[in-house]
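Undergrad: Residue 30 is where the sequence shown starts when you use the working numbering, and the numbers rise one by one after that. If you scroll down you'll find the structure; I have some questions about it.
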Amino acid sequence: MTRTPDILCIGSVLWDVIGRSPSAMAFGADVPGRITRIPGGVALNIAMGLARFDLRVALLSALGTDPEGEELAAECRRMGLDTDFLYRSEDLPTDRYMAVEGANGLIAAIADAHSLEASGDKILRPLTDGRLGTAQTPYPGAVALDGNLTATLLQTIAEGAAFAAADLRIAPASPGKAERLLPFVASGRGTLYVNLEEAGLLCHTRFDSAPDAARALVARGALRALVTNGGKPCADADASGAVSACPPEVLVTRVTGAGDTFMAAHIAAELGGAAREAALEAALRAAAIHVSGEHPA
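Following this line, the structure appears as structure tokens:
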């Protein structure tokens, strides 16, 4: 691709292997269902969501040259995503994510992003070698970043010159990786997209509501924080104050990717000029459609 991207998506690009059952599941359950393999990873989920809004999206990640990597790269190009900046490794396999979902939600998941972590700052070379920017002329556009990168690399991004001019939008990838985003809170750089549990981990406390959590993150130093809370009100806070909105009521048929869909729709709305309240409502509608299964997984 030769067009300048509207946004960069940096982080995990992998295959999602998802097992879903219409039955409620408990520990050790063995039930009938469906198993699918689809393109996934936080960065790729966000990229796919952004592409639905006709935005030009470029991926920065690590992808193996194994058959799985070649197939995934081809699928990304088919969806209109720019793969020219991907770091392709002959030594590392393409990453994978595996999850089991029941009628009672996500039962368990394992994210194997070891190749992304092993690639380190190689995935960021386009931002310093002149293809997308240099140390003297940092990339000035929007960036969606996920917390599957190592803590060391995330700290470098939070404090480094390469992202000084970027509109950074950051997601933790999972509660287990939430504290990797602490450098962005400390540096006051970027917009955080977290759920209520992740907000509590970043603030080392528990919150009863998303508005309380969003305001607390800003009080701790975050530039801006969007906090979701399932079917309960979510919030968007910065130094000027907080706004909140309630998600539409829908029948939940899947949960994997809901947060990524929310983030993509919110970014797209704001890049399109929407005000804070309108962008928040647009993101909640998109996430509701996703969890209801109305759009293909």
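Glycine residues also receive a C-beta, built at the ideal position from the N, C-alpha and C atoms. Values in this document were obtained by computation on a predicted structure and should not be read as measured data.
Counting C-beta neighbours from all protein chains within 10 Å, is the total for A171 16 or more, i.e. buried, or is it exposed?
TA: Under this definition A171 is a buried residue.
Undergrad: Just tell me which of A103, K151, L161 and F82 has its CA closest to the CA of T185.
TA: It is K151 whose Cα lies nearest to the Cα of T185.
Undergrad: Is the region 110-128 close to the region 79-99, with three or more CB pairs under 8 Å?
TA: yes
Undergrad: Go through its chain and collect everything with a Cβ distance to A147's Cβ below 7 Å, but skip five positions before and after it.
TA: L121
Undergrad: Could you give the distance in angstroms between the alpha-carbon of D265 and the alpha-carbon of R49?
TA: 32 Å
Undergrad: From the DSSP output, read off the bridge partner residues of R253.
TA: T220 and D267
Undergrad: Determine the burial state of E130: buried for a count of at least 16 other Cβ atoms within 10 Å of its Cβ, exposed for fewer.
TA: buried
Undergrad: With 16 other CB atoms within 10 Å as the buried threshold, where does L280 fall?
TA: exposed
Undergrad: Mind checking P51: buried by the 16 CB within 10 Å criterion, or exposed?
TA: exposed
Undergrad: Given a cut-off of 8 Å on the beta-carbon distance, is the pair I296 and I36 in contact?
TA: yes
Undergrad: For Y168, which residues from the same chain have a beta carbon less than 8 Å from its beta carbon, with the 5 sequence-adjacent residues on both sides left out?
TA: The answer, listed in chain order, is L37, L156, L161, G162, A191, F192, A194 and A195.
Undergrad: For V7, which three-state DSSP category applies?
TA: Only positions 30 to 326 of the chain appear in the structure, and residue 7 is not among them; the question remains open.
Undergrad: Taking the straight line between their C-alpha atoms, what separation do you get for S321 and L221?
TA: 25 Å
Undergrad: Over what stretch of residues does the alpha helix (DSSP H) that includes S144 continue unbroken?
TA: Its alpha helix (DSSP H) spans residues H143 to S148.
Undergrad: If L115 sits next to S90, beta carbons under 8 Å apart, how far is it from one beta carbon to the other, in whole angstroms?
TA: 6 Å
Undergrad: Could you have a look at N177 and say whether DSSP puts it in helix, strand or coil?
TA: coil
Undergrad: So is the beta-carbon of L231 under 7 Å away from any non-hydrogen atom of the ligand FMN?
TA: Absence of the ligand FMN is noted for the structure shown, with no ligands found whatsoever.
Undergrad: Is it a yes or a no for the region 225-235 touching the region 266-279, going by three-plus beta-carbon pairs under 8 Å?
TA: no
Undergrad: Rounded to the nearest angstrom, what separates A140 and A307 at their Cα positions?
TA: 33 Å
Undergrad: Taking R314 as part of the alpha helix (DSSP H), name the residues at either end of that continuous run.
TA: From DSSP, the alpha helix (DSSP H) with R314 extends over R305 to S321.
Undergrad: Can you list, in chain order, the residues of its chain whose CB lies under 7 Å from that of V71, leaving out five sequence neighbours each side?
TA: Excluding residues within five positions, the ones whose Cβ falls inside 7 Å are G40, S41, D175, N177, A200, A202 and D289.
Undergrad: Specify, as a first and last residue, the run of the beta strand (DSSP E) that I39 falls within.
TA: I36 to I39
Undergrad: Is it buried or exposed, A164, if we count other Cβ atoms within 10 angstroms and call 16 or more buried?
TA: exposed
Undergrad: Exposed or buried, which one is A142 when buried takes at least 16 other CB atoms within 10 Å?
TA: Buried is the call here.
Undergrad: Ignore the nearest five residues each way along the sequence and tell me which others in E299's own chain have a CB closer than 7 Å to its CB.
TA: A308
Undergrad: I'd like the list of long-range same chain contacts for V46, defined as Cβ closer than 8 Å, with 5 residues on each side in sequence excluded.
TA: I64, T65, R66, R125, Y126, M127 and A128
Undergrad: To the nearest whole angstrom, what separates the beta carbons of R218 and L246, a pair I think is in contact under 8 Å?
TA: Actually they are not in contact, since the Cβ atoms of R218 and L246 sit about 13 Å apart, beyond 8 Å.
Undergrad: By how many angstroms is the C-alpha of V86 removed from the C-alpha of L79?
TA: 7 Å
Undergrad: Any idea what DSSP makes of L211, helix, strand or coil?
TA: If DSSP states are grouped into helix, strand and coil, L211 belongs with the helices.
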